[in-house]
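There are 2 protein chains.
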Amino acid sequence: MAKPVVPEEKRRRRRPTRGGTVLSERLIVEAALRLLREHGSSGLSARRLGLALDCDPSTLYRYFRGMDEVILAIGDALIGQALTGWSPTGRWRDDLRALGLRIHAAYTAHPQAAVLTTSRVTGRPNELAADETVLSVLRGAGLPPPLEVRVYHAFIDQTLAFAALDAASLALPNAALLAEEEVWRSTYARLPSATHPHVAEVAPLLAAEMVGSAYPAALELLLDGVTLRVPFYGTGNRALP
Amino acid sequence: MAKPVVPEEKRRRRRPTRGGTVLSERLIVEAALRLLREHGSSGLSARRLGLALDCDPSTLYRYFRGMDEVILAIGDALIGQALTGWSPTGRWRDDLRALGLRIHAAYTAHPQAAVLTTSRVTGRPNELAADETVLSVLRGAGLPPPLEVRVYHAFIDQTLAFAALDAASLALPNAALLAEEEVWRSTYARLPSATHPHVAEVAPLLAAEMVGSAYPAALELLLDGVTLRVPFYGTGNRALP
DNA sequence: AACCTAACGTCAACCGTGTTGGCATAAGGG
DNA sequence: CCCTTATGCCAACACGGTTGACGTTAGGTT
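Here the protein sequences come in this chain order: D and A. When we follow our numbering, the leftmost residue of the first sequence carries the number 1, and every step to the right adds one. When we follow our numbering, the leftmost residue of the second sequence carries the number 242, and every step to the right adds one.
Following this line, the structure appears as structure tokens:
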């Protein structure tokens, strides 16, 4: 039988829960974000969500087909946050950099949620808007369309991939986080130069470097590569695979 | 109380399970990889593992402290696969490219497993060996040490991040996979040019581009950026953030 | 060769998870 | 004012990780 989930805009009869609150997709997504922040990326469950909203877990199935759909809704909310209030300057390189950093920041601001959503394609409105924006900025570089699309793909996937990776570190439960820091301090910093000479040589630099995100640096390197391929800029237009 | 997990090399008394097989970390990891491939990235469970090995689920706790430790062991096995049989040519750019592609390939060859392990730092032997190898190759570029470490960070994290992202797509259960393909076909390909002109304009190119991995292209762009910063090569040595 | 200890496999149980079918109730259009 | 049905609630199911108690047998010791 078809699942009777009523789309948000068609909702008419709204009955308060036993707690007195009237539910909505917005409220549920906000509660989910709160839960994720407080209990970690595995801390989102139908039961806990019901507890937080003071309603029965099964009630959520009137709003979403399942927990997976809740997660997709959270993802679209994050993309929305990334783009609200931004406007282009017209300089494609600055704009692309700003877009990448904003998207990355929006995800890593909610690491526990980002872990669950970053690698999902939703086709929801905010996602579509983001793609349109990136493409419109990239147009300013004046690349031939096939290359433009390839660069678009590399740029957006690099941004999302780093967001996911960095979010995963930030979202680790405290115990695992301390364990990883301990690995860096005790294992990497004390590797014998007999077996791992190169690691040993730059160990202090590594310890300082690896705590942060590599995204800004990786983004800059990618932008360099794009600049090299802008017509009439560089002569070394190597073919992109 | 301290968990009485005996390290693999200290194992002496080995009793066969009711099925007659004698367990080991190796056997368990192999069974886990098989399970993941067959049942998807959420298909690894202690019970199923017990079923596959014909032993009680709780037996696994004699070998690993919990399912999480099983996952870390799987991750180190994948890194090991990536590097076995590889040797450097001495040309840093070719070697770095080869290393990146091999690591990416090793993970995406086991996408369901990669999803679980890519963003974990284990400090296990194979991981350490991989880091040493990458650093030794990068040494050939002759960058000043602080820059070398920064490039190392960008390179390794970009590789792992793309591996995770691409693995996530490949590991989607069939239903979700078809759903995403449908999103690309029905939503993206038919976006009205009134609201999304740039997407609409390159829609056919997008459909062809987005099915594959952007990693090779992103890697090439990153290598370009590094090349620009090699001493005595380019003049535009922009500062890396 | 006998033995004794602990390593390791097994069993049963606990609690948390997503999800569903049936039921009750009150909201809101007529 | 009433009646339909949207929507919240309840109980139950199958599955998940993990653990504590219990046997049993392998292997070192004597």
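Beta carbons: idealized from backbone N, C-alpha and C, even for Gly.
Inset, instruction - Measure how close the beta-carbons of T300 (chain A) and G307 (chain A) come, nearest whole angstrom, since I'm counting them as under 8 Å. - result: Indexing the second sequence from 1 puts residue 300 (chain A) at position 59. Indexing the second sequence from 1 puts residue 307 (chain A) at position 66. Not confirmed; about 13 Å, so no contact.
Inset, instruction - Could you please give the first and the last residue of the uninterrupted alpha helix (DSSP H) stretch that includes Y348 (chain A)? - result: Counting from one through the second sequence, the residue named residue 348 (chain A) turns up at place 107. Segment W333 to T349, the alpha helix (DSSP H) holding Y348 (chain A).
Legend entry - Distance between A323 (chain A) and P329 (chain A) (C-alpha atoms, nearest Å): Against the second sequence, residue 329 (chain A) aligns to sequence position 88. Against the second sequence, residue 323 (chain A) aligns to sequence position 82. Roughly 14 Å separates the two Cα atoms.
Inset, instruction - Only counting runs of 4 or more residues, tell me where the alpha helix (DSSP H) segments fall wholly within the segment 359 to 447 of chain A, in order along the chain. - result: 366 to 380, 386 to 411, 415 to 423 and 438 to 442
Inset, instruction - Closer than 8 Å by beta-carbon distance: list the chain D residues that pair up with F403 (chain A), in chain order. - result: Reading the second sequence from its first residue, position 162 is the one you call residue 403 (chain A). The contacting residues are D157, Q158 and A161.
Legend entry - Coarse secondary structure for D465 (chain A), derived from DSSP in three states: Numbered from its first residue, the second sequence carries residue 465 (chain A) at position 224. Helix, per DSSP.
Legend entry - Reduced DSSP secondary structure (H/G/I, E/B, other) of L33 (chain D): Within the first sequence, residue 33 (chain D) is the residue found at index 33, counting from 1. Helix at L33 (chain D).
Inset, instruction - Could you tell me whether the segment 136 to 147 of chain D touches the segment 190 to 202 of chain D, where touching means 3 or more Cβ pairs closer than 8 Å? - result: no
Inset, instruction - Find out if the Cβ-Cβ distance for the pair A164 (chain D), T118 (chain D) is shorter than 9 Å. - result: Along the first sequence, read from residue 1 onward, the residue named residue 164 (chain D) stands at position 164. Along the first sequence, read from residue 1 onward, the residue named residue 118 (chain D) stands at position 118. Yes. Within cutoff.
Legend entry - Backbone secondary structure at V22 (chain D) - three-state DSSP: Working through the first sequence from its first residue, we reach residue 22 (chain D) at position 22. Of the three classes helix, strand and coil, the one that applies to V22 (chain D) here is coil, per DSSP.
Legend entry - First and last residue of the uninterrupted alpha helix (DSSP H) at D68 (chain D): Position 68 of the first sequence, counted from the first residue, corresponds to residue 68 (chain D). Secondary structure note for D68 (chain D): its alpha helix (DSSP H) is the uninterrupted segment M67 to L83.
Inset, instruction - Assuming A287 (chain A) contacts Q353 (chain A) (C-beta within less than 8 Å), just tell me the rounded distance between them. - result: Residue mapping note: residue 287 (chain A) aligns to position 46 of the second sequence, counting from 1. Residue mapping note: residue 353 (chain A) aligns to position 112 of the second sequence, counting from 1. Their Cβ separation, rounded to whole angstroms, is 17 Å, which puts A287 (chain A) and Q353 (chain A) out of contact at 8 Å.
Legend entry - Of the listed residues D:L116, D:E209, D:Q158 and D:T187, nearest to L78 (chain D) (C-alpha basis): As a first step, residue 78 (chain D) is located in the first sequence; it is residue number 78 there, counting from the start. When only C-alpha atoms are compared, the closest one is D:L116.
Legend entry - Backbone CA spacing between Y61 (chain D) and G123 (chain D) [nearest angstrom]: Along the first sequence, read from residue 1 onward, the residue named residue 61 (chain D) stands at position 61. Along the first sequence, read from residue 1 onward, the residue named residue 123 (chain D) stands at position 123. Straight-line Cα distance between these residues: approximately 21 Å.
Legend entry - Which of helix, strand or coil DSSP assigns to A243 (chain A): Within the second sequence, the letter at position 2 stands for residue 243 (chain A). Reliability of the predicted coordinates at A243 (chain A) is poor, the pLDDT of 40 falling under 50, and no value is obtained from them.
Legend entry - Cβ-based burial, V452 (chain A) [other Cβ within 10 Å; buried from 16]: Within the second sequence, residue 452 (chain A) is the residue found at index 211, counting from 1. With fewer than 16 other Cβ atoms within 10 Å, it is exposed.
Inset, instruction - Could you name the residues of the segment 357 to 375 of chain A whose beta carbon sits closer than 7 Å to any beta carbon of chain D, in the order they occur along the chain? - result: Listed by position, the residues of the segment 357 to 375 of chain A near chain D (Cβ gap below 7 Å) are S360, V362, G364, L369, D372 and E373.
Inset, instruction - Can you grab the Cα-Cα spacing for the pair Y429 (chain A) / E30 (chain D), in whole Å? - result: Sequence index remark: in the second sequence, residue 429 (chain A) carries index 188 (1-based). Sequence index remark: in the first sequence, residue 30 (chain D) carries index 30 (1-based). Going from the Cα of Y429 (chain A) to the Cα of E30 (chain D) covers about 28 Å.
Inset, instruction - Can you tell me the Cβ-Cβ gap for V230 (chain D) and A161 (chain D), rounded? I've got them flagged as a contact below 8 Å. - result: Numbered from its first residue, the first sequence carries residue 230 (chain D) at position 230. Numbered from its first residue, the first sequence carries residue 161 (chain D) at position 161. So it is not a contact: roughly 24 Å between Cβ atoms.
Legend entry - CB-CB length for G466 (chain A) against D166 (chain D), believed under 8 Å: By one-based count along the second sequence, residue 466 (chain A) stands at place 225. By one-based count along the first sequence, residue 166 (chain D) stands at place 166. About 19 Å; that fails the 8 Å criterion.
Inset, instruction - Using a Cβ cut-off of 9 Å (strictly closer), state whether W92 (chain D) contacts chain A. - result: Residue 92 (chain D) sits at position 92 when you count from the first residue of the first sequence. So, not an interface residue.
Legend entry - Neighbourhood of G80 (chain D) by C-beta, 7 Å cutoff - its chain only, sequence neighbours within 5 removed: What you label residue 80 (chain D) is simply residue 80 of the first sequence in a count that begins at 1. If you ignore the 5 residues before and after G80 (chain D), its C-beta comes within less than 7 Å of the C-beta of N126, all in its own chain and listed in chain order.
Legend entry - Cβ of P482 (chain A) within 9 Å of any chain D Cβ: Here residue 482 (chain A) corresponds to residue number 241 of the second sequence, with the count starting at 1. Yes, P482 (chain A) lies at the interface with chain D (some Cβ there is under 9 Å from its Cβ).
Inset, instruction - Could you list which residues in chain D have their beta carbon closer than 9 Å to that of H437 (chain A), in chain order? - result: The residue labelled residue 437 (chain A) in the question sits at position 196 within the second sequence. What H437 (chain A) touches in chain D: L128, A129, D131, E132 and L135.
Inset, instruction - Starting from A293 (chain A), follow the alpha helix (DSSP H) in both directions and report where the run begins and ends. - result: Here residue 293 (chain A) refers to the residue found at position 52 of the second sequence. Where A293 (chain A) is concerned, the enclosing alpha helix (DSSP H) stretches over A287 to L294.
Inset, instruction - Show which residues of chain A have a CB atom less than 8 Å away from the CB atom of T187 (chain D). - result: Stepping through the first sequence from its first residue, residue 187 (chain D) is reached at position 187. Within 8 Å Cβ-Cβ: G364 and L369.
Legend entry - Residue burial classification, S235 (chain A) (beta-carbon count within 10 angstroms, cutoff 16): Nothing can be reported for residue 235 (chain A), as the shown portion of chain A is limited to 242 through 482.
Legend entry - Closer than 7 Å at the beta carbon, the chain A residues around M265 (chain D): Examination of residue 265 (chain D) is not possible in this model, given that chain D is present from 1 through 241 alone.
Inset, instruction - Return the residue from the list D:L206, D:L177 and D:V151 that minimises the CA-CA distance to L222 (chain D). - result: Taking the first sequence and counting its residues from 1, the one referred to as residue 222 (chain D) is at position 222. Comparing Cα positions, the closest option is D:V151.
Legend entry - Distance cut-off 8 Å: A189 (chain D) Cβ against heavy atoms of the ligand MG: Absent from the structure shown: the ligand MG. Ligands present: none.
Legend entry - Where the segment 42 to 60 of chain D meets chain A: residues whose CB sits under 8 Å from a CB there: Residues: none.
Inset, instruction - Can you grab the Cα-Cα spacing for the pair F305 (chain A) / N174 (chain D), in whole Å? - result: As a position in the second sequence, residue 305 (chain A) is number 64, starting the count at 1. As a position in the first sequence, residue 174 (chain D) is number 174, starting the count at 1. Spanning the two alpha carbons is a distance of roughly 21 Å.
Legend entry - Partners in chain D for D539 (chain A), counting only beta-carbon separations shorter than 7 Å: What is shown of chain A runs 242 to 482, which leaves residue 539 (chain A) out entirely.
Legend entry - Three-state secondary structure (DSSP) of S283 (chain A): To locate residue 283 (chain A), count along the second sequence from 1; it is residue 42. Three-state DSSP puts S283 (chain A) in coil, outside helix and strand.
Inset, instruction - Within 10 angstroms of the Cβ of D95 (chain D), are there 16 or more other Cβ atoms? Answer buried if so, exposed if not. - result: What you label residue 95 (chain D) is simply residue 95 of the first sequence in a count that begins at 1. With 16 or more other Cβ atoms inside 10 Å of its own Cβ, D95 (chain D) counts as buried.
Inset, instruction - Work out the CA separation of D68 (chain D) and S427 (chain A) for me, nearest whole Å. - result: As a working mapping, residue 427 (chain A) is identified with position 186 in the second sequence. As a working mapping, residue 68 (chain D) is identified with position 68 in the first sequence. Their backbone Cα atoms lie some 21 Å apart in a straight line.
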